[in-house]
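Report on one structure; see the data block that follows.
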Amino acid sequence: MITCSLAHTPFKMHQISSDMIILDNDLPISINLAAIATIDVLMTIEMMASITWHVLIVVIPTFIIAKYIQIVVILIVVLLIVLLPRKCLLEDISPPASWPLEGRIKLENLKVRYSPNAQFVMKGITCTFEEGTRVGVVGRTESGKSTLISALFRLVDLESGRILIDGLDICSIRLEDLRTKLSIVPQEPTVF
Numbered sequence: 001m002i003t004c005s006l007a008h009t010p011f012k013m014h015q016i017s018s019d020m021i022i023l024d025n026d027l028p029i030s031i032n033l034a035a036i037a038t039i040d041v042l043m044t045i046e047m048m049a050s051i052t053w054h055v056l057i058v059v060i061p062t063f064i065i066a067k068y069i070q071i072v073v074i075l076i077v078v079l080l081i082v083l084l085p086r087k088c089l090l091e092d093i094s095p096p097a098s099w100p101l102e103g104r105i106k107l108e109n110l111k112v113r114y115s116p117n118a119q120f121v122m123k124g125i126t127c128t129f130e131e132g133t134r135v136g137v138v139g140r141t142e143s144g145k146s147t148l149i150s151a152l153f154r155l156v157d158l159e160s161g162r163i164l165i166d167g168l169d170i171c172s173i174r175l176e177d178l179r180t181k182l183s184i185v186p187q188e189p190t191v192f
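Right under this line is the structure:
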């Protein structure tokens with residue numbers, strides 16, 4: 001083994017050659033791997049940026065349209081609540097337990113239509129059905145018989161006017177209370 005001494009520091013020759021091997025072989029491989037890793041990271045970022053851009057082109061307008069539709073639906077619901085007749089929105093009043101005591105039915109200027117833009121099915125009906133009497137509703141086809149019964153049971157909303165049973169407006173009470181107190185005899189007499 002050859003020993004050299006430079007400035008009074010002894011070292012061995014094979015140590016120099018192993019250091020040179022590290023410099024010659026390992027360092028370029030490490031630099032190469034670091035460069036490949038850097039290029040890989042940069043390519044991943046570029047790929048994400050290119051894909052994300054296309055996704056954002058689709059997602060952002062979709063999100064904006066969804067928000068717009070949500071606002072429109074909220075406005076429509078608020079508008080419907082404002083336009084609904086107030087008298088039919090209040091359904092928290094329960095009638096007395098003995099209601100209807102006499103059974104007098106009074107229709108006051110009753111106007112009914114099935115949709116806001118349709119013609120009136122019933123227009124300006126005013127009449128009184130006295131207590132204790134039997135009333136038969138007869139008429140030609142589409143003359144309003146079923147509509148009258150539907151209005152009495154609140155199956156259709158009144159455009160204007162009101163229906164009073166023993167002086168109590170039927171739009172001021174709950175549907176459950178109204179419908180459990182009324183009964184109807186249909187055209188088929190075999191039911192009763």
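Here the sequence shown stands for residues 1 to 192, numbered as in UniProt numbering.
Where is the CB? At the ideal position from N, CA and C, for every residue including glycine.
- Residue range 27-83 is occupied by the alpha helix (DSSP H) that includes F63, with no beta strand (DSSP E) assigned at that position.
- In the DSSP annotation of this structure, the continuous segment of the alpha helix (DSSP H) that includes L152 starts and ends at 145-152.
- One thing to note: F153 has its Cβ within 8 angstroms of the Cβ of L182.
- With fewer than three CB-CB distances shorter than 8 angstroms, the stretch 110-130 does not count as touching the stretch 166-185.
- Going by DSSP, L178 is part of the alpha helix (DSSP H) stretching over 175-181.
- A Cβ-Cβ distance of about 13 angstroms is found for the pair L155 and M122, leaving them out of contact under the 8 angstroms criterion.
- Under the three-state reduction of DSSP output, D24 falls in the helix class.
- Taking C-beta separations shorter than 6 angstroms and ignoring five residues to either side along the sequence, the partners of D169 in its chain run R162, following chain order.
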